[in-house]
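**Q** Got a structure for you, questions after.
Protein chains: 2
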Amino acid sequence: MSSPSIGPVVRVPFNELQALLQAIFARHGCSAAVAAVLADNCASAQRDGAHSHGVFRIPGYVSTLASGWVDGRAEPQVTDLAPAYVQVDAKGGFAQPALAAARALLVAKARTAGIAVLAIHNSHHFAALWPDVEPFADEGLVALSVVNSMTCVVPHGARKPLFGTNPIAFAAPCAGHDPIVFDMATSAMAHGDVQIAARAGEQLPSGMGVDAAGQPTTDPKAILEGGALLPFGGHKGSALSMMVELLAAALTGGHFSWEFDWSGHPGAKTPWTGQLLIVIDPAKAQGQRFAQRSRELVEQMQEAGLTRMPGERRYREREVALREGVGLSERELAELQTLAG
Amino acid sequence: MSSPSIGPVVRVPFNELQALLQAIFARHGCSAAVAAVLADNCASAQRDGAHSHGVFRIPGYVSTLASGWVDGRAEPQVTDLAPAYVQVDAKGGFAQPALAAARALLVAKARTAGIAVLAIHNSHHFAALWPDVEPFADEGLVALSVVNSMTCVVPHGARKPLFGTNPIAFAAPCAGHDPIVFDMATSAMAHGDVQIAARAGEQLPSGMGVDAAGQPTTDPKAILEGGALLPFGGHKGSALSMMVELLAAALTGGHFSWEFDWSGHPGAKTPWTGQLLIVIDPAKAQGQRFAQRSRELVEQMQEAGLTRMPGERRYREREVALREGVGLSERELAELQTLAG
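And the structure:
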């Protein structure tokens, strides 16, 4: 996921971190509603040890808001398109408030129809994807989401970058356990993790990316400065990344990862694209049996020698953070306090 | 996909191959309806150069039918569960006739609700997955399908095999082009391709599998005889394979890849599991625009240097086969004629 924060670590109660981030978002151009959603999202990532999407992202949010690239006060417009289809125009704002605005309708449709889709467009997604799907599993639903981002991945067999890191996230309930959740970039590495490595002066494993000349490199700076990432798993990861472009952009009416031009907005960091969510109610066919079967799967995976389930590291970090406070570096905390004014 | 057939090649008109395969299925225990569906499926794979799922599979079908493991005369039972949810009990028969029985209802629901799901259980899937999704794209729909299979893949980080090869297939319409279609095993290699390589006496690239002692091997026979495959793309492919178990088995009410016991049926080759299909109608939100956007994506991929789109090799092989006949080896044709009686 990411390397931990740099320097001496302090621990802050979750709700204090949330309030601090909310103050930052509100001070830098977000409505109260948007600030609350983004602060919860970002504080949750930091709490769960997902540092590449935690407070590390705050300067990017702030510079983007300052650039006028994203509308922090956008009011998403929800349209009930069909018995199992909800559309949201995020109105140039962030994707998470758009999801929040449509969420109740989406869940109601999934419970009635058995499956439902939420298509978000005209949205900026700058966060991890698992916080979007995990809550559905908490309610007993199965959720799948994809979001496209910004050109930085060379399709397998191509000469130059086209796709975004285009993550896929999935969540399913599991009886007597935390939900099974994964969130994977279809790139060999998440963009935030490349930035983390560059900041820390670390080299990457081979096979993650290429430099500006298209040559393989293990230097994260060479990838970030004119280079590009590769898809994970060769042509298969590349095909999945293509699918994400089709589902998150073509199907929603959002931009492809290469279509937006932020050159007139220096400081802008957030991709202006689309997001798709599919939610299934397993109770329609299986009653309560699905979560039990999900648990049987986990038990078999443990029996086969797996010591860590997808999502499990986040739950462990979360437990510690809720008991002892959310860890971040002294320097990060000081910077956040400055940004909050 | 696969290496071509061995020995001198003959070319047979598609409908003749179809009729020959239909005669084989009918003679070896399938009803006329099931024989027609399977013959079309298998002849299509051979036609498209997907040799690991073409006539190469016929002996496996025949021995499975002879073993009593699968019911070639099963009549699938379709249940209309909810406005966007169709369930099929394949009654211990093949998955393709179950899909055929539910297909019209599934499409009608997707067109009304915007999205619909088809959950098949108690089914045997022994074919490629792309023939299940491609026809939806021909009708302007987007389709995604997953099917679990039989234990032969070691989850990333585990000591022993658990998952099946668990493929994911996707199809989307594309204006003025054949649909964009991919079908990928979540294993590093498809099981049929390992069998093809073993038959041809070829070595595999590294990273595909392990031998009976759990050590990396490039020998396809070592993988087939007590060894196992690895997931593609490390922990990410492994997480996708896990998702396929949850969607195709836990959600449908089918067996996990490790749950069926065919030891009492010598000759049985077909996994007795489940299959999930999700179909989306892009016209609900985008009208005719989706297929146009899909085409723009393809054009950008070509511009980035991609010379072959997913599915394109099959279309090229299909074009040749429809003009010149479907290629198979003389020996294969003779064997088929013998099986047809």
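Chains A and B are the protein sequences, given in the same order.
Quick note: to get our numbering, add 15 to the position in the first sequence (first position is 1).
Quick note: to get our numbering, add 15 to the position in the second sequence (first position is 1).
For glycine and all other residues, C-beta sits at the position ideal for the given N, C-alpha and C.
What does a CB cutoff of less than 8 Å around residue 410 (chain A) pick up in its chain, not counting 5 residues either side in sequence?
**A** An answer regarding residue 410 (chain A) cannot be provided, because it is not within the stretch 16 to 356 covered by chain A.
**Q** For the stretch 56–63 of chain B and the stretch 88–103 of chain B, state whether three or more C-beta atom pairs, one from each stretch, are separated by less than 8 Å.
**A** Touching, no.
**Q** Report the residue from B:314, B:78, B:134 whose alpha carbon sits nearest the alpha carbon of residue 268 (chain B).
**A** Working through the second sequence from its first residue, we reach residue 268 (chain B) at position 253. Nearest of B:314, B:78, B:134 to residue 268 (chain B), Cα basis: B:134.
**Q** Is residue 175 (chain B) buried or exposed, if buried means 16 or more other CB atoms sit within 10 Å of its CB?
**A** Here residue 175 (chain B) corresponds to residue number 160 of the second sequence, with the count starting at 1. Residue 175 (chain B) comes out exposed.
**Q** Can you list, in chain order, the residues of its chain with a C-beta nearer than 8 Å to that of residue 265 (chain A)? Leave out the 5 residues immediately preceding and following it.
**A** As a first step, residue 265 (chain A) is located in the first sequence; it is residue number 250 there, counting from the start. Cβ neighbours of residue 265 (chain A) beyond the five flanking positions: 271.
**Q** Please list the terminal residues of the continuous beta strand (DSSP E) segment that includes residue 344 (chain A).
**A** In the first sequence, residue 344 (chain A) corresponds to position 329, counting from 1. Note, residue 344 (chain A): beta strand (DSSP E), 341–344.
**Q** Could you give the distance in angstroms between the alpha-carbon of residue 74 (chain B) and the alpha-carbon of residue 41 (chain B)?
**A** Locating residue 74 (chain B) in the second sequence gives position 59, where the first residue counts as 1. Locating residue 41 (chain B) in the second sequence gives position 26, where the first residue counts as 1. Looking at the two C-alpha atoms, the distance is approximately 14 Å.
**Q** With DSSP run on the structure shown, which of helix, strand or coil describes residue 407 (chain A)?
**A** Since the first residue of chain A shown is 16 and the last is 356, residue 407 (chain A) is not available in this structure.
**Q** Output, in chain order, the set of chain A residues within a Cβ distance shorter than 8 Å of residue 98 (chain B).
**A** Within the second sequence, the letter at position 83 stands for residue 98 (chain B). The contacting residues are 98, 99, 127, 128, 129.
**Q** Kindly say whether residue 106 (chain A), judged by its beta-carbon, lies nearer than 7 Å to any beta-carbon of chain B.
**A** Translated into positions along the first sequence, residue 106 (chain A) becomes position 91. No, because no Cβ of chain B sits closer than 7 Å to the Cβ of residue 106 (chain A).
**Q** Is it right to say residue 129 (chain A) is buried, meaning 16 or more other beta carbons lie within 10 angstroms of its own, or is it exposed?
**A** Within the first sequence, numbered from 1, the residue matching residue 129 (chain A) stands at position 114. Buried, because 16 or more other Cβ atoms sit within 10 Å of the Cβ of residue 129 (chain A).
**Q** Is there a Cβ from chain B that is less than 7 Å from the Cβ of residue 19 (chain A)?
**A** Within the first sequence, the letter at position 4 stands for residue 19 (chain A). Low per-residue confidence applies at residue 19 (chain A): pLDDT is 47, beneath 50, and the placement is therefore not dependable enough to give any value.
**Q** Using a Cβ-Cβ cut-off of less than 7 Å, give me the residues of the stretch 171–187 of chain B that come near chain A, in sequence order.
**A** Going along the stretch 171–187 of chain B in chain order, one finds 172, 173, 174, 175, 177, 185, 187 with a Cβ nearer than 7 Å to chain A.
**Q** Return the CA-CA distance between residue 160 (chain B) and residue 170 (chain B), expressed in angstroms with no decimal places.
**A** Within the second sequence, numbered from 1, the residue matching residue 160 (chain B) stands at position 145. Within the second sequence, numbered from 1, the residue matching residue 170 (chain B) stands at position 155. Distance between the alpha carbons of residue 160 (chain B) and residue 170 (chain B): 21 Å.
**Q** First and last residue of the alpha helix (DSSP H) that includes residue 313 (chain B)?
**A** On the second sequence, position 298 is the one that residue 313 (chain B) refers to. Looking at the DSSP string, the run of the alpha helix (DSSP H) that includes residue 313 (chain B) is 304–318.
**Q** So for residue 199 (chain A), helix, strand or coil by DSSP?
**A** Against the first sequence, residue 199 (chain A) aligns to sequence position 184. If DSSP states are grouped into helix, strand and coil, residue 199 (chain A) belongs with the strands.
**Q** Smallest Cα separation from residue 149 (chain A): which of A:333, A:314, A:188, A:209?
**A** Here residue 149 (chain A) is taken as the residue at index 134 of the first sequence, counted from 1. Nearest option by C-alpha distance: A:188.
**Q** Give me the Cα-Cα distance between residue 1 (chain A) and residue 277 (chain A), rounded to the nearest whole angstrom.
**A** This structure leaves residue 1 (chain A) out entirely; chain A is present only between 16 and 356.
**Q** Which value, in whole angstroms, describes the spacing of the CA atoms of residue 19 (chain B) and residue 64 (chain B)?
**A** Translated into the one-based positions of the second sequence, residue 19 (chain B) becomes position 4. Translated into the one-based positions of the second sequence, residue 64 (chain B) becomes position 49. Low per-residue confidence applies at residue 19 (chain B): pLDDT is 47, beneath 50, and the placement is therefore not dependable enough to give any value.
**Q** Look at the Cβ atom of residue 355 (chain A), then the Cβ atom of residue 39 (chain A), and state whether they are nearer than 7 Å.
**A** Walking along the first sequence from the start, residue 355 (chain A) turns up at place 340. Walking along the first sequence from the start, residue 39 (chain A) turns up at place 24. The answer is yes: Cβ separation under 7 Å.
**Q** Can you look up residue 144 (chain A) in the DSSP assignment and give me helix, strand or coil?
**A** On the first sequence, residue 144 (chain A) is found 129 positions in, with the first residue counted as 1. DSSP places residue 144 (chain A) in coil when its eight states are reduced to three.
**Q** Please report the straight-line C-alpha distance between residue 260 (chain B) and residue 136 (chain B), rounded to a whole angstrom.
**A** For the purposes of this step, residue 260 (chain B) is taken as residue 245 along the second sequence, with counting starting at 1. For the purposes of this step, residue 136 (chain B) is taken as residue 121 along the second sequence, with counting starting at 1. So the alpha carbons of these two residues sit roughly 12 Å apart.
**Q** Leaving aside the five residues before and after residue 233 (chain A) along the sequence, list all residues of the same chain whose C-beta is less than 8 Å from its C-beta, in chain order.
**A** Position 218 of the first sequence holds residue 233 (chain A). The residues are 218, 219, 220, 221, 223.
**Q** Rounded to whole angstroms, how far is the Cβ of residue 53 (chain B) from the Cβ of residue 351 (chain B), which I believe are closer than 8 Å?
**A** Here residue 53 (chain B) refers to the residue found at position 38 of the second sequence. Here residue 351 (chain B) refers to the residue found at position 336 of the second sequence. Residue 53 (chain B) to residue 351 (chain B), Cβ: 14 Å. No contact.
**Q** For the candidate residues A:44, A:37, A:77, A:322, whose alpha-carbon lies nearest to that of residue 55 (chain A)?
**A** As a position in the first sequence, residue 55 (chain A) is number 40, starting the count at 1. Of A:44, A:37, A:77, A:322, the residue nearest in Cα terms is A:37.
**Q** Pull the bridge partners of residue 208 (chain B) from the DSSP assignment, please.
**A** What you label residue 208 (chain B) is simply residue 193 of the second sequence in a count that begins at 1. Answer is none; residue 208 (chain B) lacks a bridge partner.
**Q** Please name the residue or residues paired with residue 233 (chain A) in a DSSP beta bridge.
**A** Reading the first sequence from its first residue, position 218 is the one you call residue 233 (chain A). DSSP output for residue 233 (chain A) lists no bridge partner at all.
**Q** Let me know the alpha helix (DSSP H) ranges lying completely inside the stretch 225–308 of chain A, each 4 residues or longer, listed in chain order.
**A** Runs found: 235–239, 249–260, 298–301.
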